[in-house]
Amino acid sequence: MTKVVNFGQAEKKAKIRDSKINSIYDQLQVGGYSEEEKTMLLQLLSKTTGGDEYFIGKKKKPTDRVRFVQLIMDNINYLTELEYLSSKEEAFLFKLAPYVEFKTNVIIQKIDKDNVDTTTPASPTYLAERFKMARKNVSVTMNGLFKKGVLGVAEAGITTEDGRACTSRTWFVNPNIMCCSPKDGIDKATQHIFRNSLRNFKIDESKKKYKLPIYLF
Numbered sequence: 005m006t007k008v009v010n011f012g013q014a015e016k017k018a019k020i021r022d023s024k025i026n027s028i029y030d031q032l033q034v035g036g037y038s039e040e041e042k043t044m045l046l047q048l049l050s051k052t053t054g055g056d057e058y059f060i061g062k063k064k065k066p067t068d069r070v071r072f073v074q075l076i077m078d079n080i081n082y083l084t085e086l087e088y089l090s091s092k093e094e095a096f097l098f099k100l101a102p103y104v105e106f107k108t109n110v111i112i113q114k115i116d117k118d119n120v121d122t123t124t125p126a127s128p129t130y131l132a133e134r135f136k137m138a139r140k141n142v143s144v145t146m147n148g149l150f151k152k153g154v155l156g157v158a159e160a161g162i163t164t165e166d167g168r169a170c171t172s173r174t175w176f177v178n179p180n181i182m183c184c185s186p187k188d189g190i191d192k193a194t195q196h197i198f199r200n201s202l203r204n205f206k207i208d209e210s211k212k213k214y215k216l217p218i219y220l221f
């Protein structure tokens with residue numbers, strides 16, 4: 005006996021199925037669901053599509069690739085009110101921003117052609133060339149920021165979480181001032197270097213001690 009296929013009915017069912025799939029997908033995209041609710045929606049989606057497995061993934065946006073450094077604004081504002089940094093030091097920090105490595109806050113070199121990061125630490129000589137400044141002035145500024153706890157250098161033999169072996173010539177920026185990583189994902193080696201920086205600090209000859217409004221670690 006020949007089976008008659010009702011294409012109109014089949015198409016109608018397909019449209020209903022697609023509508024259900026789109027509805028479930030839209031709900032997942034909106035977000036705000038608990039893990040249990042997400043699991044139930046994924047199971048429903050799997051059942052609707054005949055047993056296919058689905059997973060929740062975040063759609064990347066064009067802005068996800070934008071490089072940025074976060075200024076810890078409350079701390080910057082506090083140091084500005086205290087006049088802790090000179091105008092030259094503030095300007096130098098601004099210039100350093102593109103050279104701060106993600107997660108470690110190491111000051112690194114760049115490849116001019118593609119403006120790509122390297123893993124090579126940036127020396128005062130390198131920065132002087134990039135900033136078109138005299139090396140002596142760069143060294144004076146960096147040493148001044150080092151004494152103030154805004155910059156730091158690695159201790160001999162220290163290794164970052166990604167395996168970088170640092171030397172005493174590896175310079176870091178204090179993440180409590182300028183942070184190039186998730187605020188809860190700062191490299192442990194970097195935290196160690198700045199563990200005592202800008203805590204109970206003094207200004208010039210004053211005996212008064214100061215603390216930053218915010219510490220990330």
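For the sequence shown, the numbering used here gives the first residue as 5, with consecutive numbering after it. Ideal Cβ positions, reconstructed from N, Cα and C, are used throughout, including at glycine.
What is the residue span of the alpha helix (DSSP H) that residue i lies within?
| i | result |
| --- | --- |
| residue 81 | 77 to 86 |
| residue 154 | Note, residue 154: premise wrong, no alpha helix (DSSP H); not H, not E. |
| residue 192 | 192 to 197 |
Would a C-beta distance cut-off of 9 Å place residue i and residue j closer than the cut-off?
| i | j | result |
| --- | --- | --- |
| residue 157 | residue 97 | no |
| residue 108 | residue 185 | yes |
| residue 214 | residue 86 | yes |
| residue 111 | residue 83 | no |
| residue 221 | residue 198 | yes |
| residue 142 | residue 131 | yes |
What would DSSP say about residue i, mapped onto helix, strand or coil?
| i | result |
| --- | --- |
| residue 123 | strand |
| residue 103 | helix |
| residue 137 | coil |
| residue 204 | strand |
| residue 219 | coil |
| residue 160 | coil |
| residue 213 | coil |
| residue 110 | strand |
Let's see if you can read the secondary structure: which residues bound the beta strand (DSSP E) around residue i?
| i | result |
| --- | --- |
| residue 177 | 175 to 177 |
Closest to residue i by CA distance: which of the options is it?
| i | options | result |
| --- | --- | --- |
| residue 147 | 173, 181, 219 and 83 | 173 |
| residue 152 | 78, 125 and 203 | 203 |
| residue 106 | 182, 88, 144 and 77 | 182 |
| residue 164 | 189, 212 and 141 | 189 |
| residue 175 | 80, 133, 207 and 128 | 128 |
Do we get a CB-CB distance below 9 Å when we pair residue i with the residues of chain B?
| i | result |
| --- | --- |
| residue 100 | No chain B is part of this structure, which consists of one protein chain only. |
Checklist entry - Counting Cβ pairs, one atom from each stretch, are 3 or more of them under 8 Å apart for the region 163 to 171 and the region 186 to 195? => result yes
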